[in-house]
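Residue numbers (the working numbering), protein chains in the order written: chain A, 1250 to 1587; chain B, 1250 to 1587.
Written as structure tokens, this is what we have:
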């Protein structure tokens, strides 16, 4: 297996990116191609013991900057690390593309250079979401802010394939996020998607409210990308707010301060359980290749975990599984607008 | 001022309801009319020292049960505490209706018996949402799962009137919840509502992401009722999950257990700061009267706080403020479907 790593992806590129590639090559043995500024990558590699590791470098002279219109940037920079890397996947020279770069740019690169799997209306952005009961799959988390019921069905199909093929879940429980558990609950989108999923061969368990979602009562939860984005960002904001409040109250007196010091390891373990870096990055489902998008603030270990995620998706046969699933049941008619 | 309290509202009615009425009558001196089963209310009142308190009882022989279709229940039970209480507000004998009963039933009662303020397309369900920086106003949190941009504008107008008149905020900062702060971000609904709000006389500060919302960077945040319901329930679920994880990790060893015991008062203070019972109940904005819906699990103090919320809304002139605001700027055309 050959995996492409965008060496110019993370906020502090190429340090964490190269470090992650070295860790992954050592641990997994897969071939990793570092794409980006050759001189900078080689200088960074010189900091590591890479003897005998299956690492190679592919030069790309350009970088997609933050703040550019993603589609324009991809078109204007044919020698950027994103475009060069995607083209290696497109041509079959590699199976997966991993980047901690700008999400919009990687999305645009994947759509424009790899293209959608035949029959997929809208690729979905997914996150393996860490919970105390183990990670679950949420999608869409922001690629499609306005959705049709068929998109939610396809998200469910793709998310289910991902949970099965890349996370090892058997017949993943698929649910729709809604404002009530009962079948008739939800907005118009949810109600229509419910019917499509009820008729599908997926292991559809109905609607879940946030309470059930955060209790891990489904393996895959689908929603429109607006709601998903708000959900994921709210979970992060509430956690941060609560930890901040607890920290402040603990520091407000000597006894609670002492208690906080003694209890500190417990807080550390909670943080570790919820750390998205341990799970990997976001996954773009529905394009012709495995695409993982790590966080800009990724460390070397986070990059390594994103590469691990890519190799599990490739070895599990994710893309063929989505193609097969679509062929078995696809509610999207040919006539429908693309 | 005369305030109606549905004595048959809370899950353990009429105990907490009557206790709350007694506390409120004693603290505020407003007249409170307890509506419901006369015998049960009087038996409960006998448990309290009510000498000289402005409390009265209005008999209502029926109760709206959970699980009934709300609109049908309201129509089928003209002598229920909800209908009898709403009718006292409708006839002008009282200014506000407070209940810890089923939200759907109170909504239906308010819509069918009080009716909408002229020009309001959809009343909005609001919660004063507790944050470390103080409560903010979120709406809609579930009454309208499918919204048009005009509804969001009217939510903003009503929420702003509520923050100003009932919470004492001067020129409340109004925002739209979105997946990005920039003006062009959001789904189709948010983008259109943005333009309406940008042209309005409200103190519109643009879009906020969950990060900004939970940091208290707006006083009023509007959203469709589906998203709002998911947001509020997610915040609750994440808090519960995190507290549970911390508790479990603290109890996993003797040192952290001791630390947890010492730090316990800090956790209690955090819980108190986020306790919705301290703020009051949900508020239905856009009907011809002040309507407060408390939590079914309300205690006497929670009921008292809901009554406090009602009296602040009445004395602040909330309903006239919404009428005046609508007259000044209403983007909803007459031609539009009701």
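Quick reminder that beta carbons are idealized off the backbone N, C-alpha and C, glycines included.
Of the residues assessed, residue 1453/B falls on the buried side of the cut-off, its CB having 16 or more other CB atoms within 10 angstroms. Listed in chain order, the positions of the region 1517 to 1530 of chain B with a beta carbon within less than 7 Å of a beta carbon of chain A are 1518, 1519, 1522. Annotation: Cβ neighbours of residue 1435/A in chain B (cutoff 9 Å, chain order): 1394, 1475. Spatial neighbours of residue 1343/B in its own chain (CB-CB distance under 7 Å, excluding positions within 5 residues in sequence) are listed in chain order as 1251, 1252, 1253, 1282, 1337.
The Cβ neighbour count for residue 1544/B, taken over all protein chains shown within 10 Å, is at least 16; the residue is labelled buried. Taking the Cα positions, residue 1456/A is about 43 Å away from residue 1294/B.
For residue 1460/A, the three-state secondary structure derived from DSSP is helix.
From the listed residues 1327/B, 1506/B, 1296/B, the smallest Cα separation to residue 1310/B is found for 1327/B. Taking C-alpha positions only, residue 1477/B is separated from residue 1427/B by approximately 11 Å. Of all alpha-carbon atoms in 1331/A, 1288/A, 1369/A, 1329/A, the one lying nearest the alpha-carbon of residue 1576/A is that of 1369/A. When Cβ-Cβ separations below 9 Å define contact, residue 1319/A makes no contact with chain B. Residue 1313/A and residue 1465/B have their alpha carbons spaced roughly 34 Å apart.
Restricting attention to 1298/A, 1302/A, 1489/A, 1438/A, the CA atom closest to the CA of residue 1381/B is found in 1489/A. Straight across, the Cα-Cα distance linking residue 1462/B with residue 1493/B is about 24 Å.
Along the region 1435 to 1468 of chain B, going in chain order, the ones with a CB nearer than 8 Å to a CB of chain A are 1435, 1436, 1437, 1439, 1458, 1459, 1460, 1462, 1463, 1464. In the structure shown, residue 1398/A adopts helical secondary structure according to DSSP, grouped into three states.
A Cβ-Cβ separation of about 6 Å places residue 1358/B in contact with residue 1332/B under the 8 Å criterion. The beta strand (DSSP E) runs of length 3 or more contained entirely in the region 1408 to 1440 of chain A are, from start to end of the chain, 1423 to 1426. Taking 9 Å as the cut-off, the beta carbon of residue 1469/A is found closer than this to the beta carbon of residue 1385/A. Within chain B, the residues 1511, 1512, 1514, 1515 have their CB atoms less than 7 Å from the CB of residue 1505/A, given in chain order. Counting along the chain, residue 1489/B sits inside the alpha helix (DSSP H) bounded by residues 1474 to 1499. Separation of the CB atoms of residue 1287/A and residue 1300/A is rounded to 20 Å, and the pair is thereby denied contact status at 8 Å.
For residue 1441/A, same chain residues with a beta-carbon under 6 Å away, outside a window of 5 residues either side, are 1398 in chain order. In the three-state reduction of the DSSP assignment, residue 1466/A falls in the coil class, being assigned neither a helical nor a strand state. Boundaries of the beta strand (DSSP E) around residue 1376/A: 1373 to 1378. One Cα belongs to residue 1536/A, the other to residue 1572/A, and the distance between them is close to 10 Å. At a cut-off of 9 Å between C-beta atoms, residue 1252/B does not count as an interface residue with respect to chain A. Contact with chain B is found for residue 1480/A, since one of that chain's Cβ atoms lies less than 9 Å from the residue's Cβ. Taking a C-beta distance under 9 Å as the contact criterion, residue 1414/B and residue 1565/B qualify as a contact pair. Distance between residue 1480/A and residue 1298/B, taken at the CA atoms: about 48 Å. At a Cβ-Cβ threshold of 9 Å, residue 1275/B and residue 1302/B count as neighbours. Between residue 1494/B and chain A, the shortest Cβ-Cβ separation is below 9 Å. For the options 1408/B, 1290/B, 1356/B, 1567/B, the alpha carbon positioned closest to that of residue 1320/B is the one of 1356/B. The residue among 1410/B, 1290/B, 1285/B, 1346/B with its C-alpha nearest the C-alpha of residue 1569/B is 1410/B. DSSP links residue 1329/A through a beta bridge to 1311/A.
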